[in-house]
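In this note's numbering, the protein residues as written are -3 to 208. We put the beta carbon where it would ideally sit given N, CA and C, even for glycine.
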């Protein structure tokens, strides 16, 4: 390596540190010719080969941007997306290949995304794997359900004697009984003469959640 000051072809390493994301190594060097010090950053150039044959540098931001679209409307934070992008890049670099096909990048995304949010995973998988029918979705949902059950298992329901077996455990207070309503006649009037009012629209809970 040439010194950036005097172009001397040799130097010695004083200190080496790995970056926080593990993708590069920072080295502090001293020129053996002029004794000046400088810093170098060593990183493997990772490129992605598309199906068309076009080669472009790997971009963690592009990975996060694609996953962010699948996570729209889901309870996923930017910090979680950044962590997923780091996991994807570390997984690809661990393969030891400088050139990776685009399909390998998609596979590296599916694993962490499934653990992060199953719904976002299903959205991303439907585009990545090019689902064309309802059967494709049903097959993927069944596979996803089996994976969740294999990971977490069935949660056993608490037994009635569980509280007695643990004297120190505090039981939850019983819910208060709802107040009794006066019967109403056919015109909607109660026996006391008051007319029953229907709840306003803003008092009703939504029937479905907004997905998009």
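Distance between residue 37 and residue 142, taken at the CA atoms: about 45 Å. Contiguous beta strand (DSSP E) elements confined to the stretch 66 to 145 occur at 95 to 97, taking only those with 3 or more residues.
Annotation: the continuous beta strand (DSSP E) that includes residue 12 extends over 7 to 14. Counting along the chain, the unbroken beta strand (DSSP E) around residue 23 starts and ends at 21 to 27. Take residue 14, set aside five residues on each side of it, and the residues of its chain with a beta-carbon closer than 7 Å to its own are 21, in chain order. Secondary structure note for residue 54: it is in no beta strand (DSSP E), with a DSSP letter that is neither H nor E. Within 10 angstroms of the beta-carbon of residue 137 lie fewer than 16 other beta-carbons, which makes it exposed.
Between residue 70 and residue 113, the CB-CB gap stays under 8 Å. Leaving aside the five residues that flank residue 23 on each side, the residues in its chain whose CB is nearer than 6 Å to its CB run, in chain order, 9, 12, 36. Shown here for residue 115: same chain residues with a beta carbon closer than 7 Å to its own, the five before and five after excluded, namely 70 in chain order. Around the beta carbon of residue 145, fewer than 16 other beta carbons lie within 10 angstroms, which makes this residue exposed. Beta bridge pairing from DSSP links residue 64 with no other residue. Less than 8 Å separates the beta-carbon of residue 77 from that of residue 60.
Residue 104 is a Cβ neighbour of residue 84, given a cutoff of 8 Å.
Annotation: the continuous beta strand (DSSP E) that includes residue 37 extends over 33 to 38.
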